[in-house]
Amino acid sequence: MKFEKIEEKDKKLKFVAKDTNPAMMNALRRISMNHVPVLAIEDVGIKENSSPIFDEVIAQRLGQVPLVFDPDKFTLKEECDCEEGCPECEVQFTFEGEGPGRLYSKDLVCESGDVDVLYDEMPITELDENQKVDLEASAVLSTGKDHSKHQAAISSYQYYPIIDIDNDELTEEERKRCAEVCPRDVFEVKNDELKVADEKNCTVCKECVDEVGTGVVVTGHEEKFIFTIESICSLSPQEIIEKAAEILEEKSEKVIGKLG
Ligand code: SF4
Ligand SMILES: [Zn+2]
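Okay, structure coming up:
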């Protein structure tokens, strides 16, 4: 399989994968979303909560706070050698404040390890005068398969488009309409000829084909795909794809080992 990066913006990465097949693309899609471990708050022990927000809702909100962590420094709790949690499989936090005011994600203070919040200003609760929150929380590594708060990314793929144009089959009006109807600006009309400006923008929706009938044929490549991944955790899309490929390899080796 060969990769070619075509777009990288913020937490989104788009690349072309060549010499592969839909099964491989789907495996990469599923693993990148639901099998790459991500650290998130799991247990919350409330010492005091006189805020207007219920204990369960505060715990749920803290679980949604993305945490910045080094994936090489942590291990899944079920794979850790310890029995009751240790700095390799669990991170401890405190979260405390008194009103009047508002508590944010940045008020989560890491007491063990080197973990920070990705976004400082996620509101957790309001506090009036004489109201207080004091709690302890622990974060663990887990995957999107267990809970969406551990989901690493949103991933999708599509067949790489192949667009064939026969200008002789198209009237001048049809060439113009074809370019106009495309929602992704794939076409351009130059010197009265309909041309492909950038086929990578094509989603294979076939609206152009429906508009003009013969003259334009859009199909999907059988061994070439466009893969899009958007990170929804602190890891970069590239880190997630690399980890997903590693997990896919491990899973394949396990299957081969069982067959052998
Ligand atoms: S299939 Fe859809 S996106 Fe692709 S060129 Fe035609 S209209 Fe545009
Ligand atoms: Zn441990």
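Going by my numbering, the first residue of the sequence shown is number 16, and it counts up by one from there.
Note that beta-carbon positions come from the ideal geometry of N, C-alpha and C, so glycine has one too.
Cβ-heavy atom distance, residue i to ligand 1, below 7 Å
i      : result
Arg199 : yes
Glu184 : no
Glu222 : yes
Thr229 : no
Ile178 : yes
Thr109 : no
Val233 : yes
Cys217 : yes
Val204 : no
Residue i: CB within 7 Å of a non-hydrogen atom of ligand 2
i      : result
Gly100 : yes
Glu113 : no
Glu63  : no
Cys95  : yes
Glu103 : yes
CB of residue i within 8 Å of CB of residue j, strictly
i      : j      : result
Ser249 : Ala168 : no
Gly114 : Lys147 : yes
Val232 : Val224 : yes
Pro198 : Tyr134 : no
Val196 : Glu222 : yes
Val204 : Lys215 : no
His50  : Lys160 : yes
Met48  : Ser170 : yes
Thr109 : Glu151 : yes
Lys17  : Phe30  : no
Ile241 : Gln173 : yes
Cys104 : Phe84  : no
Arg44  : Ile139 : no
Glu93  : Ser153 : no
Ser66  : Leu142 : yes
Nearest-angstrom beta carbon gap, residue j and residue i [assumed within contact, 8 Å]
i      : j      : result
Leu54  : Ile244 : Actually they do not touch by this definition, with Cβ atoms about 19 Å apart.
Ile271 : Ile46  : Not really, about 17 Å apart at Cβ, beyond 8 Å.
Glu238 : Asn41  : About 14 Å separates the two Cβ atoms, so there is no contact after all.
Ala74  : Val59  : 4 Å
Segment limits, alpha helix (DSSP H) that includes residue i
i      : result
Pro37  : Pro37 to Asn49
Glu126 : Premise fails: Glu126 is in no alpha helix (DSSP H) and is neither H nor E.
Val31  : That residue, Val31, is in no alpha helix (DSSP H); its beta strand (DSSP E) goes Lys27 to Lys33.
Lys164 : No alpha helix (DSSP H) contains Lys164, which DSSP labels as neither H nor E.
Val294 : Since the displayed the chain opens at 16 and closes at 275, residue 294 lies outside it and no answer follows.
Val15  : Outside the modelled stretch of the chain, which goes from 16 to 275, sits residue 15, for which no answer is possible.
Glu188 : Glu187 to Val196
Unbroken beta strand (DSSP E) run spanning residue i, endpoints
i      : result
Arg117 : Gly116 to Tyr119
Leu274 : Not the beta strand (DSSP E): Leu274 falls in the alpha helix (DSSP H), residues Pro252 to Leu274.
Ile139 : Pro138 to Leu142
Ile21  : Lys17 to Lys24
Glu208 : Glu208 to Val211
Lys88  : Lys88 -> no beta strand (DSSP E), and no H or E assigned at all.
For residue i: DSSP bridge partner residues
i      : result
Ile55  : A small fix is needed here, since residue 55 is Ala in this sequence, not Ile. BP columns for Ala55 point to Val155.
Pro102 : Note: Pro102 sits in no beta bridge, so no partner.
Ser170 : Ile244
Pro176 : Gly235
Glu109 : Rather than Glu, the amino acid found at residue 109 in this sequence is Thr. Thr109 pairs with Val124 and Glu151.
Leu82  : Val132
Phe202 : Val211
Ile61  : Leu150
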